[in-house]
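Add 1392 to the 1-based position in the sequence shown for the working numbering, that's all there is to it. Where a beta carbon is used, it is the ideal one built from N, C-alpha and C, also for glycine. Right, one structure below, let's go through it.
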Amino acid sequence: MSQSDAVQRLQIRFAAEGPLKYVSHLDLMRVWERVCKRAGLPLATSHGFSPRPKIALAAPLAVGATSEAEILDVLLTERVELESTMRKLSAQLTPGLRVLEIHEGLLKQSSLQSMLRAACYEVEISDPRSAQDWQRAVDELLARDEIPWSQQRGKETKSYDLRPLILEIEVRNVLDGVATLWMRLRNDERGAGRPEQVAIALGASEEPTMIHRTAIELDGELAAKAVTA
């Protein structure tokens, strides 16, 4: 993303909930493009025959997951005031989208994707096991040196070790056949942990009934200058 024609960078923390859990990464980008345009933001664009707005999400959110921790990077050709921008964006948001904070970042800052280190999730899994059984499964998984994993992508099968992608797991609650786990998973250039894969590695017979991203960890913090909703 070139910054040659941009004079200001905004980093927007937002929640994606409700109907947006069924929206793909590309469709969420299109939603934000429409929101920014309707709010009158002077978006910087790429050069060439098909210029695109210079906006980017820190990390793709899987279809079926919700989040309270997403970050959108936006480059502008004119400076805007943060408080009024918060109001303008909030007036254009689609159902399920909430702006939480707007930070003013440095123009020459590295891309958010290159700053990614980890993501945290709250996960619910329907499973008859007791809290003790779940804790035992977590302890045994974290004690393993490697977790061989295979994933089908089209006609190809990709094999890799799932263990380096798992940083922490906690059993938060087990009630009425539903286990609530907290997971902190790697998300960087070496790979991104996926909660549904971790659930299966823990012995779940089905994928989680709920995946909610609670935090995105970056190598460095967003700029202190910010406005909150």
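Taking the Cβ atoms as the reference, residue 1455 lies roughly 6 Å from residue 1416, within the contact range of under 8 Å. The C-beta of residue 1500 has fewer than 16 other C-beta atoms within 10 Å across all chains shown, which makes the residue exposed. Looking from the CA of residue 1559, the closest CA among 1399, 1619, 1535 and 1485 belongs to 1535.
Here residue 1587 is buried: its Cβ has 16 or more other Cβ atoms, across all protein chains shown, within 10 Å. The C-beta of residue 1439 has fewer than 16 other C-beta atoms within 10 Å across all chains shown, which makes the residue exposed. Excluding sequence positions up to five before and after residue 1480, its CB lies within less than 8 Å of the CB of 1431, 1432 and 1433, all in the same chain and listed in chain order.
Rounded to whole angstroms, residue 1458 and residue 1585 show a C-alpha spacing of 16 Å. Per the DSSP secondary-structure output, residue 1560 pairs in a beta bridge with 1576.
The beta carbon of residue 1580 is closer than 8 Å to those of 1508, 1509 and 1510 in its chain, skipping five residues each way along the sequence. In the three-state reduction of the DSSP assignment, residue 1521 falls in the coil class. Inter-residue distance for residue 1540 and residue 1553 is about 5 Å (C-alpha atoms, whole angstroms).
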